[in-house]
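Written below as structure tokens is the structure these notes are about.
Numbering (the working numbering), first residue to last: 1325 to 1557.
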């Protein structure tokens, strides 16, 4: 029994010894949080300034101008100030960047919604100019809606670079599968995107112009001959 008691005590002692020590962070102080970091920045700035001076001195063949030293010192000082500000205010800069991106996304969503509403009213006015209910007017209305969707698709591809998520972005704006396919075919027929949704035009404005030119030509052909086949419809 005495041996068992001794063994239990040994096991307990070993378990206590084997427990890993938890690292305790040093308490915050003016030295660790400010002085050391400022000294590091000053040291780095001095090294940068000295390195530039050595390179300048070597490149000029040991004949550096008199104003080279002040220029190198100024570069080192700018280096120190820049990294000191970045080091102490990195969190604030990160928050400002997140706020800007959130505002930009909100603005883009509002602009796209207003643009699509304007295009809807324009298409309704264009469709109302003809005889309502005719097959030609129905095809022209579909073509106008396809042009509107194509403009929205091009903005996603060219402005936001969302090539992979273009379908999901358009679905989020209420574009159905058939409307998506027509808009994609119109853009491909105009030569502004390829089969992988990669942009091919020089800019968004140029791409929209090419799509509008093809749409206008196709609609004109439909008005002249209702039986005209349009490949992208």
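The beta-carbon is built from N, C-alpha and C at its ideal position, and this holds for glycine as well.
Original post:
Could you give the distance in angstroms between the alpha-carbon of residue 1359 and the alpha-carbon of residue 1405?
Top reply: 14 Å
Original post:
For residue 1420 versus residue 1481, is the C-beta distance shorter than 8 Å?
Top reply: no
Subject >> Closer than 7 Å: residue 1403 CB and nearest the ligand ATP heavy atom >> reply: No copy of the ligand ATP appears in this structure; indeed no ligand is present at all.
Subject >> Run of the alpha helix (DSSP H) containing residue 1499, from where it starts to where it stops >> reply: Here residue 1499 belongs to no alpha helix (DSSP H), and DSSP marks it neither H nor E.
Original post:
Any idea what DSSP makes of residue 1394, helix, strand or coil?
Top reply: In the structure shown, residue 1394 sits in a helix (DSSP, three-state: H, G or I).
Original post:
In chain order, what residues of the same chain lie with their CB nearer than 6 Å to the CB of residue 1388, ignoring the 5 residues before and after it?
Top reply: 1380 and 1381
Original post:
So residue 1478 packs on residue 1532, CB below 8 Å; how close in whole Å?
Top reply: 6 Å
**OP:** Starting from residue 1523, follow its DSSP beta bridges and name the residues at the other end.
**Re:** 1517
Original post:
Where in the segment 1359-1423 do unbroken runs of the alpha helix (DSSP H), each at least 4 residues long, occur, reported from the N-terminal end onward?
Top reply: 1360-1383 and 1392-1412
Original post:
Under 8 Å, do residue 1510 and residue 1545 count as touching if we go by C-beta distance?
Top reply: no
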